[in-house]
Structures are given as structure tokens and as C-alpha cells.
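K.L.:
Here you go, one structure.
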Amino acid sequence: MSTQRREAGRALVVGAGVAGLTAALRLHRGGWQVQVVEKASGNRNGGTWISFRGVGYQAAERLGILPQLTEGQLPWEDIHMLDTDGRLRVVWRAATQLALNNEPTLHIPRDKIADILLDALDGEVKIEYGTTVSSITQDESGAEVVLSNGDSDRFDLVIGADGVNSVVRELAFGPETEFRTDFGDLMAIYNLERSPVDTGVEHLLSGVGRMIAVSRLGDTFSVIFLWTSTDLAGDLSTDLSKAVRRRFEDLGWAVPALLKEAEAVPSAYYGPVSQIKMDTWSQGRVVLVGDAAWCTGFYAGYGASLAVGGADLLGDVLERHPGDIPTALREWEAEYRPIALKVQAQARRGRESFFLPPTEFAIKLRTIFLRVAGNSVTTRLLRLFMGVRSPK
């Protein structure tokens, strides 16, 4: 990475999540004049922990933020996998989880990554919250952008890092319906101040077509309710707490207490599990990164890693082709698209093999694999079974 400061151009980054902040940091260090807009009113908080590894881990090392990420990681904990009555099926040991990844992996809250990226920017890049893009008009030399606050400006490059519901993608490429594929599943994520279950381990309760995960996030707790929906539109149009209660209130264990705690939370993430599939990630001077371009869906467990790796590589390739943005964008996509497509395929495999097994037999098969996953041969088989492979 070049350390020499030079004026490489003007870039607008839309979205101040992991992908957008990484792109802003990398381009700023490469000499770009960067502006960031974010539709939320402030820094986004909440979510769950992630396994940060592979291309993201390598990029974090190049960006110089790996020590901070390592310092902010959570301890790996055993996962107690339960049936719908709360009976223990199997304990998935922390050591086996690490062996399954087969590479350096950080167990870290997702919003911690964004906080560290913000610290690395150190106020040198302007971030305007409560703002998004209203229109983009391109010509051969740049893009005229009108923001939702009425301001307008011209940029050499517009980076859409505004997530699966990307406004930039809608403006530059077309309606979301052309690119979004839903699994037919819904997910609700709550961050709780306290947990009604044993906090020394993580818990995963699963039955056919539904799952509950409870894990520690430092001093707070993350609870995920995940279910297959035969009436996706109906679930999306109903009240969040009512939808979750209707799908899970018949279960035993600590589920009634979890539902009670979740219903007291003022805000939560709620929506379908989806993938974004596009023939190209760039259109003229507009390029998409992160979930806006290649959302893999919850089941891959690799979204933040892909976002950091892809945004960092984008900065590298732009430096290889100074002044030739179209060539840089084509080269970047040719190099990174195979990686993203592999992770999307892993997500599709991981959905049925681990998160939402479609039958009781599939649940029993998963339990058997996890029980015997203590040796290297079985671990390799389990990685194939669950689709847990780091793309190269």
C-alpha cells in the first residue's frame, strides 16, 4: 500500500457500515478526497458476533487495524445445542469451532469492527449522517450527485456501500427486485441487557424450520430468532413481536422468558434473509461494495470479512490504475467476484446443513457430525458438510 499522499480524485461513499468505512479509510490513505454519507442518524449499534477471518483478516492486517480487532475480540465459548424442549443434543466445543475454521479467526461483535474503522479514520474523512443519495447523473468524466439534503456535488467515483436495500444500486442499476433473492426465511435480532439463560456458554435451540441462538456480546447479549416462513409477505407486514411470538411461543426451555425480554427491547433488526446477485458491480463511475453488491445472507457467516477484504482490494486496484477508473473497476471485479460467489454458495449449503435443517433426520445427522467432530478427519468432513471453507 502506498504511503505517499497525492490527489487521486474525489470519491463519495454512501453508507457508513463496515464496507463503507473500509472503503473510505483505504481510499483516503491512497490520496483520495473522500466524503461519506449515511442515512442513519448516527453510528449503527447492535447485531451479533461474527467470525472475522480470511480475506477480511488479511486486509485488516494490511490496514493496520488487526491489533485493535484482536484486542476487541470475545472469548470462544462452547455451544450447547438443544432440542425444542430444551434438552441437550450435543455440546459443540470451542476448540472444535476454531479447528473448523482452519485459519486465524476473530470472534468479535460486528459493531466493534465499525468502531475501530471510525477510530482509524480519526475524523479526517467527513461523515454526514441522516443523508443519502437522491440522484446520480453520469458522464464519461464523473458523476453529478444530488443528496437527500438538497446538496449537489461532482465526484470521480461513487461507492455504494449502503447494504442489501441499496439506494445507489436502485439509482444506477435498477429495481432491487431484479437482484435480490430471498431464502424464504425471516430473522429477528435483539440485543438484551440481561439473559434469562446460563451465560457461560452459547445456546442454539433448533427444530425443523426454526432456530434460536443466544450468545454473549461483552456485557450484553444477542438473541436471534430465525424461522422459515411460508407466508413471507404476511410476516413482514405484521408487528415484529407478534410475528416472533407466533412462531416460537409453543417451545419449551427458556423461550417464554426470552420472548418476554425481547418484547421489552425498543428496537431490533427484523427482515428476510437474502442474497444479492448481479452480473456486474459497476456502472460507469458507480461501484457497489459489500452487501449492496454481493450480500451472501446470514448463513455464510462471512459478510464483514468479505466487506473489508473487497473494499481494501478496491483501493489497491485503483492505485494500480491511477486515472483509469473503468479499467480499475473491471480488474477489481474480475479478481473478487469468484470469492464472493463461493461464499454465496457456502451460505446456501450452510442454511440446510446447520442453521435450518429441513427434517428431523437432517437435525440428527448434524448432531452426529458434531458429536464426532473432535479429530482432524471428522473436522474436514464437517467443513465440507457445513460448507465452511474460506475462499481463496
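The sequence shown begins at 6 in our numbering and counts up one residue at a time. Ideal Cβ positions, reconstructed from N, Cα and C, are used throughout, including at glycine.
Quick one: measure Cβ to Cβ for Arg371 and Ser358, integer angstroms, because I've assumed they're closer than 8 angstroms.
P.N.:
About 7 angstroms; that satisfies the 8 angstroms criterion.
K.L.:
Rounding to the nearest angstrom, what Cα-Cα distance links Ala29 and Glu340 in this structure?
P.N.:
When rounded, the distance between both Cα atoms is 20 angstroms.
K.L.:
Lys131 lies in the beta strand (DSSP E); which residues open and close that run?
P.N.:
Here the beta strand (DSSP E) through Lys131 covers 131 to 134.
K.L.:
For the beta strand (DSSP E) containing Arg356, name the first residue and the last one.
P.N.:
Here Arg356 belongs to no beta strand (DSSP E), and DSSP marks it neither H nor E.
K.L.:
For Arg199 and Ser211, I'd like the C-alpha separation in whole angstroms.
P.N.:
Rounded to the nearest angstrom, the two C-alpha atoms are 22 angstroms apart.
K.L.:
By DSSP's criteria, Ser56 is part of a beta bridge. Which residues make up the other side?
P.N.:
In DSSP, Ser56 forms a bridge with His112.
K.L.:
CB-CB under 6 angstroms to Pro109, same chain, minus the five flanking residues each way: which ones, in chain order?
P.N.:
Tyr62.
K.L.:
Does Glu207 come out as helix, strand or coil in the three-state DSSP assignment?
P.N.:
In the structure shown, Glu207 sits in a strand (DSSP, three-state: E or B).
K.L.:
What is the DSSP secondary structure of Asp158, reduced to helix, strand or coil?
P.N.:
Reduced to three states, the DSSP call for Asp158 is strand.
K.L.:
Report the rounded CA-to-CA distance for Arg49 versus Asp116, giving the unit in angstroms.
P.N.:
Their backbone Cα atoms lie some 7 angstroms apart in a straight line.
K.L.:
So, are the CB atoms of Pro363 and Val206 less than 9 angstroms apart?
P.N.:
Contact flag unset, no.
K.L.:
Grab me the residues of Phe184's own chain with a C-beta within less than 8 angstroms of its C-beta, minus the 5 sequence neighbours each way, in chain order.
P.N.:
Arg174, Phe178, Ile281, Lys282, Met283, listed in sequence order.
K.L.:
To the nearest angstrom, report how far apart Gly328 and Ala16 are at their CA atoms.
P.N.:
Cα to Cα, Gly328 sits roughly 13 angstroms from Ala16.
K.L.:
Have a look at His85 and Ile217 and give me their C-alpha separation to the nearest angstrom.
P.N.:
Rounded to the nearest angstrom, the two C-alpha atoms are 12 angstroms apart.
K.L.:
From this set, Leu319, Thr27, Arg67, Val23, which residue's C-alpha is nearest Trp337's C-alpha?
P.N.:
Closest option to Trp337, Cα to Cα, is Leu319.
K.L.:
Check whether the Cβ atoms of Ala352 and Ala305 lie closer than 9 angstroms to each other.
P.N.:
It is a contact, given that the beta carbons lie within the stated cut-off.
K.L.:
Which parts of the segment 298 to 336 are runs of the alpha helix (DSSP H), unbroken and 4 residues or longer, counting only runs that do not cross its ends?
P.N.:
Runs found: 308 to 325.
K.L.:
Are the segment 151 to 169 and the segment 289 to 302 touching by the rule of at least three beta carbon pairs closer than 8 angstroms?
P.N.:
Judged by Cβ distances under 8 angstroms, the segment 151 to 169 makes contact with the segment 289 to 302, as three or more pairs qualify.
K.L.:
What does DSSP give as the partner residues of Phe253 in its beta bridges?
P.N.:
Answer by DSSP bridge pairing: none, since Phe253 is not bridged.
K.L.:
Which residues does DSSP list as the beta-bridge partners of Asn196?
P.N.:
DSSP, once it has assigned bridges, lists Ser227 as partnering Asn196.
K.L.:
Would you kindly work out how many angstroms separate the C-alpha atoms of Thr136 and Gln40, rounded to a whole number?
P.N.:
For Thr136 and Gln40, the distance between alpha carbons rounds to 12 angstroms.
K.L.:
Thr285 and Val348 look like a contact to me (Cβ under 8 angstroms); what is the Cβ gap, rounded to whole Å?
P.N.:
Not really, about 18 angstroms apart at Cβ, beyond 8 angstroms.
K.L.:
Excluding the 5 residues preceding and the 5 following Glu254 in the sequence, name in chain order all residues of the same chain whose CB lies nearer than 7 angstroms to its CB.
P.N.:
Around Glu254: Leu264.
K.L.:
Can you say whether Leu361 is buried or exposed, counting buried as having 16 or more other CB atoms within 10 angstroms of its CB?
P.N.:
By the neighbour-count rule (16 or more Cβ atoms within 10 Å), Leu361 is buried.
K.L.:
CA-CA distance, Ala248 and Thr332?
P.N.:
If I take the Cα positions, the gap works out to 48 angstroms.
K.L.:
Per DSSP, which residues does Pro261 bridge with? Please list them.
P.N.:
Beta-bridge pairing links Pro261 to no other residue.
K.L.:
What are the boundary residues of the beta strand (DSSP E) that includes Val292?
P.N.:
Note, Val292: beta strand (DSSP E), 291 to 293.
K.L.:
Between the alpha carbons of Gln78 and Trp258, how many angstroms are there, rounded?
P.N.:
Straight-line Cα distance between these residues: approximately 29 angstroms.
K.L.:
Let me confirm a value: Asn154 is counted as buried when at least 16 other C-beta atoms fall within 10 Å, else exposed. Which label applies?
P.N.:
The residue is exposed, with fewer than 16 neighbouring Cβ atoms inside 10 Å.
K.L.:
Can you say whether Thr101 is buried or exposed, counting buried as having 16 or more other CB atoms within 10 angstroms of its CB?
P.N.:
Burial call: buried.
K.L.:
Please tell me whether Asp203 and Arg356 are closer than 9 angstroms, where the distance is taken between their beta carbons.
P.N.:
Not in contact: Asp203 and Arg356 (Cβ atoms no closer than 9 angstroms).
K.L.:
Count the CB pairs spanning the segment 65 to 82 and the segment 128 to 148 that are closer than 8 angstroms, and state whether there are at least three.
P.N.:
As far as the Cβ criterion goes, the segment 65 to 82 does not touch the segment 128 to 148, which means the pair count is below three.
K.L.:
Please specify which runs of the alpha helix (DSSP H), each continuous and at least 4 residues long, are wholly inside the segment 55 to 84, giving them in chain order.
P.N.:
Listed in chain order, they are 59 to 68, 71 to 76.
K.L.:
Can you look up Ser139 in the DSSP assignment and give me helix, strand or coil?
P.N.:
Residue state, collapsed to three classes: strand.
K.L.:
Return the bridge partner residues of Asp144 from the DSSP annotation.
P.N.:
Paired residue(s): Gly147.
K.L.:
For Pro277, which of helix, strand or coil comes out of DSSP?
P.N.:
Here Pro277 sits in strand by DSSP.
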